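Down below is the structure, laid out as structure tokens.
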Amino acid sequence: MRHLISPLDLSVSELDHILCLAEDIYANPSKYAHVCQGKKLATLFYEPSTRTRLSFEAAMMNLGGNVLGFSSANSSSAAKGESVADTIRVISSYADICAMRHPKEGAPMVASQFSSIPVINAGDGGHNHPTQTLTDLLTIKHLNGKLDNVVIGVCGDLKFGRTVHSLIQAMIRYPGVRFVMISPDELRIPDYLRTEVLDRNNIPYKEVNVLEDVMPELDVLYMTRVQRERFFNEEDYIRLKDSFILTAKKMKYAREDMLVMHPLPRVNEISVEVDSDPRAVYFKQAEFGVYVRMALIMTLLGLDGDNAC
Ligand code: NCD
Numbered sequence: 023m024r025h026l027i028s029p030l031d032l033s034v035s036e037l038d039h040i041l042c043l044a045e046d047i048y049a050n051p052s053k054y055a056h057v058c059q060g061k062k063l064a065t066l067f068y069e070p071s072t073r074t075r076l077s078f079e080a081a082m083m084n085l086g087g088n089v090l091g092f093s094s095a096n097s098s099s100a101a102k103g104e105s106v107a108d109t110i111r112v113i114s115s116y117a118d119i120c121a122m123r124h125p126k127e128g129a130p131m132v133a134s135q136f137s138s139i140p141v142i143n144a145g146d147g148g149h150n151h152p153t154q155t156l157t158d159l160l161t162i163k164h165l166n167g168k169l170d171n172v173v174i175g176v177c178g179d180l181k182f183g184r185t186v187h188s189l190i191q192a193m194i195r196y197p198g199v200r201f202v203m204i205s206p207d208e209l210r211i212p213d214y215l216r217t218e219v220l221d222r223n224n225i226p227y228k229e230v231n232v233l234e235d236v237m238p239e240l241d242v243l244y245m246t247r248v249q250r251e252r253f254f255n256e257e258d259y260i261r262l263k264d265s266f267i268l269t270a271k272k273m274k275y276a277r278e279d280m281l282v283m284h285p286l287p288r289v290n291e292i293s294v295e296v297d298s299d300p301r302a303v304y305f306k307q308a309e310f311g312v313y314v315r316m317a318l319i320m321t322l323l324g325l326d327g328d329n330a331c
């Protein structure tokens with residue numbers, strides 16, 4: 023039984039296979055319209071979501087499958103005190119695969135231990151978000167042309183931002199990748215990423231507080247929202263929430279071909295005037311999320327055999 027809990031659950035060749043399949047789905051969607059006929063995806067979302075849940079559901083529908091699920095803890099038996107372990111045991115007999123988002127770090131991993139269907143981590147607390155990373159990798163590969171030798175600036179809430187944590191772990195596996203971390207001191211990346219991931223693998227990176235200074239050296243600028251729901255107090259959030267705001271004026275420092283990415287939702291960190299800049303690719307990125315989730319569902323269900331990748 024294959025699950026996707028951490029970005030490291032996929033080898034580089036498996037990642038490349040999923041990205042290749044996603045590109046083929048993007049180019050020839052009708053070829054895949056019936057691949058999951060008769061299969062069901064359960065979306066178990068204990069935390070708010072727009073893109074992740076709906077792109078999973080769209081992905082399964084595009085493959086000819088069906089979806090069922092819940093979109094908040096309050097509308098599930100979690101509100102009555104049911105454990106994730108019990109819920110997944112039951113869902114295993116209702117669906118063929120499931121995507122779970124949970125505010126507690128490690129909840130999808132616990133679920134995978136009690137599940138008889140593949141469990142996909144759709145975001146666990148401030149920890150990981152591996153399917154956003156697949157989306158991000160597809161976006162970089164498709165629009166930048168390659169995943170190696172890329173300079174990636176990650177900006178905003180690097181402490182609580184799970185998309186950044188997963189992106190770093192996945193990208194270090196491609197040669198020549200360098201990171202520029204742009205955040206307030208209080209929102210720097212967690213120590214485990216610095217010591218166990220970046221330092222241990224001799225990955226070059228620097229940590230700075232000023233966005234404009236580093237803009238000219240970036241191939242990708244990955245903006246993130248300050249994660250209000252993970253703060254212990256509202257005053258800290260209010261003080262830090264507008265630390266970085268990307269404006270058209272700041273975009274003048276960037277290279278002509280730099281990509282501006284954002285997992286979305288955006289709050290204030292990218293002003294809307296940037297949306298019309300051809301380098302702003304965050305809405306395209308959200309679209310890629312459907313294709314890559316189609317490729318992932320096919321792969322985890324073992325239905326990916328008959329294709330070009
Ligand atoms: C992200 C998340 O949920 O971590 N959203 C998403 O899935 N696209 C980013 C965020 O909420 O800031």
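Position 187 (the sequence shown) corresponds to 209 in my numbering; numbering is contiguous.
Each residue gets a CB set at the ideal place from its N, CA and C atoms; glycine is no exception.
Note that the structure is a prediction, hence the values are computed from the model and not measured.
- Contact between the segment 210-220 and the segment 185-194 is established, with three or more Cβ pairs separated by less than 8 Å.
- Measuring C-alpha to C-alpha distances from G175 to each of M193, H164, A144 identifies M193 as the nearest.
- Residue pairing by DSSP places K263 opposite no residue, since no beta bridge is assigned to it.
- Scanning its chain for C-beta atoms nearer than 8 Å, with the 5 sequence neighbours on each side dropped, one finds around V312 the residues S77, A80, A81, N84, in chain order.
- As a beta-bridge residue in DSSP terms, G91 pairs with T65.
- Residue burial is scored here from C-beta neighbours: T321 has at least 16 other C-beta atoms within 10 angstroms and is therefore classed as buried.
- Note on geometry: alpha-carbon atoms of V106 and Y116 lie some 15 Å from one another.
- Using a 10 angstroms sphere on the CB of M273, the tally of other CB atoms reaches 16 or more, which defines it as buried.
- In the three-state DSSP reduction, L281 falls in the strand class (E or B).
- Residues lining the ligand NCD by the Cβ criterion, that is a Cβ closer than 7 Å to any of its heavy atoms, are S71, R73, T74, G145, H151, Q154, G183, R184, T185, T246, R247, Q249, P285, L286, P287 in chain order.
- For A276, the secondary structure class from DSSP, reduced to helix, strand or coil, is coil.
- Under the three-state reduction of DSSP output, H124 falls in the strand class.
- Of the candidates G327, A330, N329, M316, the residue whose Cα lies closest to the Cα of N88 is M316.
- In terms of Cα proximity to I40, the closest of I27, L243, D221, T157 is T157.
- P287 and T72 do touch by the CB rule: their CB atoms are close to 7 Å apart, below 8 Å.
- Under the three-pair Cβ rule at 8 Å, the segment 217-226 does not count as touching the segment 162-172.
- Membership of N143 in the beta strand (DSSP E) is indicated by the continuous run 141-146.
- In the three-state reduction of the DSSP assignment, E291 falls in the coil class, being assigned neither a helical nor a strand state.
- In the structure shown, N166 adopts helical secondary structure according to DSSP, grouped into three states.
- In the assembly as shown, R123 is a buried residue. Its beta-carbon has 16 or more other beta-carbons within 10 Å.
- Within 10 angstroms of the beta-carbon of I260 lie fewer than 16 other beta-carbons, which makes it exposed.
- For the 7 Å CB-CB criterion, L66 and G103 do not form a contact.
- For Y227, the secondary structure class from DSSP, reduced to helix, strand or coil, is strand.
- Judged by DSSP in its simplified three-state form, V34 adopts helix.
- Residue range 304-322 is occupied by the alpha helix (DSSP H) that includes M316, with no beta strand (DSSP E) assigned at that position.
- Between M283 and Q307, the C-beta spacing is below 7 Å.
- According to DSSP, V186 shares a beta bridge with no other residue.
- Under the three-state reduction of DSSP, C177 is assigned to strand.
- Taking the Cα of G178 as reference, the smallest distance to any Cα among I47, D264, A270 is reached at D264.
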